[in-house]
Every structure is written in C-alpha cells, then in structure tokens.
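Remarks on the structure that follows.
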Amino acid sequence: MSNGVHAACSVFDLFLGILVGVGLILLSYFGLVAVLLAALGALATTINTIVGVIGLIVVILFAYCLIRMLWSCCFGR
C-alpha cells in the first residue's frame, strides 16, 4: 500500500540530475566559478568550494536514487 507520498522520477530525470551535478563539480574543479566571481576576492574561492560540494552531494543523491530505481525494477521489492 502506498501512503500517498511518492516522487515519480524517470530514469531520464535522474540522469539529468547526475549530469548537472557533474557539471557543477567540473566548473568548480577547473575554477571557472572563481574566475567569474574574481571581483569578490577570497570569497570567490569559498563560493567555488561550496559549488563543488553541492555538485558532489547532487551526484551522490541522484546516483543513489537511480541505483535504487533500477534495482527495484530489475529485482523487485
């Protein structure tokens, strides 16, 4: 039985989430965020690090959801 709280995401949505997270990580890794915010000085480095951490969290969460969805699809609940 379902309690009415069910988030319906397709595999495509989950892959897009992972791609966004990887994009954020790459922007942070190559320092493009810091370059764009160079006028802020040392704060740009902090924001660059925060963007990288958020990207990593997004990738982990979406990958977990994707693996869970595929596992339940292939092996049942």
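Going by my numbering, the sequence shown runs without a break in its numbering and finishes at 92.
Note that the Cβ used here is the ideal one computed from N, Cα and C, for glycine as well.
It should be emphasised that the depicted structure is a prediction, and the values quoted were computed from it without experimental measurement.
#1: Taking the alpha-carbon of residue 35 as reference, which of 90, 89, 91, 75 has the nearest alpha-carbon?
#2: Looking at the structure shown, is residue 20 part of a helix, part of a strand, or coil, going by DSSP?
#3: Within the same chain, show all residues whose beta-carbon is closer than 6 Å to that of residue 66, passing over the 5 residues directly before and after it, in chain order.
#4: Work out the CA separation of residue 86 and residue 45 for me, nearest whole Å.
So, to answer that:
#1: Numbered from its first residue, the sequence shown carries residue 35 at position 20. The option with the nearest alpha carbon to residue 35 is 75.
#2: Stepping through the sequence shown from its first residue, residue 20 is reached at position 5. Note that residue 20 scores a pLDDT of 48, beneath 50, so its modelled location is shaky and nothing firm can be said.
#3: For this step, residue 66 is matched to residue 51 along the sequence shown. Counting only Cβ-Cβ distances below 6 Å, and skipping sequence neighbours, we find 39, 43, 48.
#4: Within the sequence shown, residue 45 is the residue found at index 30, counting from 1. Within the sequence shown, residue 86 is the residue found at index 71, counting from 1. A straight-line Cα-Cα distance of about 34 Å links residue 45 and residue 86.
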